[in-house]
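Notes for the one structure printed next.
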Amino acid sequence: MARVLINAPRTARRGQIFEIRALIQHPMETGYRPDAAGEVAPRDIIRRFVCAYDGEEVFAAELSPAVSANPFLVFTAVAAESGTLSFTWTGDNGFSQTETRPIAVE
Amino acid sequence: MTGLGRILRRLGAGVAASVLGLSFVGADDARRTEKRSGFDDMSRETQAVQRDDTANPGMLWVGEGEALWNRKDGAAAPSCAECHGDAAVTMRGVAARHPAFDPATERPIGLEARINQCRRTHQGADALAWESQDLLAITAFVARYADHGR
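Those sequence lines, one after another, are chains D and U. The number in the numbering used here is simply the position in the first sequence, starting from 1, with 343 added. The number in the numbering used here is simply the position in the second sequence, starting from 1, with 4 added.
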């Protein structure tokens, strides 16, 4: 399980636009880097990030080797109903991780 | 001018200069003791960005370091937490006091070297490799509490 830092508000007013910040620990090996011995490490990156609000996808991102290690994403969503925000990262070598955060909307 | 007159003039000038010099030294001392961080001059938005731990990738290493701090390697060796307890209390300000002069080795010692020294002497463990993920993690965790109160 990679370490994750998520900043999502716990409460929001109905219709309010709130900002979510998600950072995950991942080397994001590009597949182009030769080490001191000249060996190129194979590509190992996160391919896709999805944020779902009560199961409905509200934000998705396709990551490429151009994205640096420990990818940091900031995006916004509109507060509709109280529920759960789920964050899913999927990538090479079967990498898959999901985190959830509750949100209360009044 | 007579020799005596010259001596007296020099004495008078000296006394005047020393009086003025004292007041200048006082002003320097006041400026030195009144320490302010650049943080205080930042706008509130910038201060919020500085305080936001979730946007700081260094916190990933602090998280790893916390796990290593509490981890017990084998039954005989104590974990860092067993001797030092809550790092937020015992390690406060420690990183700011390093590098320091180590009387045991009679050489300056940095924080990473101090952690390795503690591992060798008190935990019976091998020193962590320089710039390894583990050593960076423990050092980041200890340095997290370098400042007092912020």
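Glycine included, C-beta positions come from ideal geometry on N, C-alpha and C. Keep in mind it's a predicted model, so treat the numbers as computed, not measured.
Query	Result
is_contact[Ala129(U), chain D] using C-beta, thresh 8 Å	no
Outcome for Asn120(U) when other beta-carbon atoms lying within 10 angstroms are tallied against a minimum of 16	buried
Thr441(D): first and last residue of the uninterrupted beta strand (DSSP E) it sits in	439-448
Cutoff 8 Å; reference Val383(D); Cβ partners in own chain excluding five residues on either side	Gly374, Tyr375, Arg376, Pro377
Nearest residue (CA-CA) to Ala144(U), options Met46(U), Val66(U), Arg118(U)	Val66(U)
Own chain, CB closer than 8 Å to Arg458(D), minus 5 neighbours either side, in chain order	Given a span of 344 to 449 for chain D in the structure shown, any question on residue 458(D) remains unanswerable.
Beta-carbon spacing of Ala295(D), Ile367(D) below 8 Å	For chain D, the structure presents residues 344 to 449; residue 295(D) sits outside this window and is missing.
Inter-residue Cα distance where the pair is Ser425(D) and Thr433(D)	26 Å
Extent of the continuous beta strand (DSSP E) to which Ile113(U) belongs	111-113
Beta carbon proximity, Pro112(U) to chain B, threshold 8 Å	This model lacks chain B altogether; the protein chains it does include are D and U.
Neighbouring residues, chain D, relative to Asp44(U) (Cβ below 8 Å)	The contacting residues do not exist; Asp44(U) stays about 24 Å from chain D at best.
Val146(U) classed as buried or exposed, judged by whether at least 16 other C-beta atoms fall within 10 angstroms	buried
Distance between beta carbons of Glu68(U) and Arg346(D), contact taken as under 8 Å	7 Å
Glu135(U) - DSSP class collapsed to helix/strand/coil	coil
Chain D contact residues for Ala59(U), given Cβ-Cβ distances below 9 Å	Leu348, Asn350, Arg364, Leu366, Phe415, Val417
Contact check, Asp387(D) vs Pro414(D), beta carbons under 8 Å	no
Proximity test, Arg353(D) beta-carbon vs the ligand ATP heavy atom, cut-off 7 Å	This structure simply doesn't include the ligand ATP, nor any ligand for that matter.
Beta carbon proximity, Gly67(U) to chain D, threshold 8 Å	yes
Partner residues on chain D for Leu64(U), Cβ-Cβ distance less than 9 Å	Ala345, Arg346, Val347, Leu348, Leu366, Ile367, Gln368, Asn413
8 Å Cβ cutoff met for Asp151(U) and Ala100(U)	yes
Chain D contact for Asp138(U) (CB, 8 Å cutoff)	no
Integer Cβ distance of Gly114(U) from His102(U), believed to fall under 8 Å	6 Å
Neighbour list for Asp2(U) in chain D, Cβ cutoff strictly below 7 Å	Absent from the model: residue 2(U). The displayed extent of chain U is 5 to 154, so no value can be given.
Counterpart residues of Pro408(D) in DSSP-defined beta bridges	Looking at the DSSP assignment, Pro408(D) forms no beta bridge with any residue, so it has no partner.
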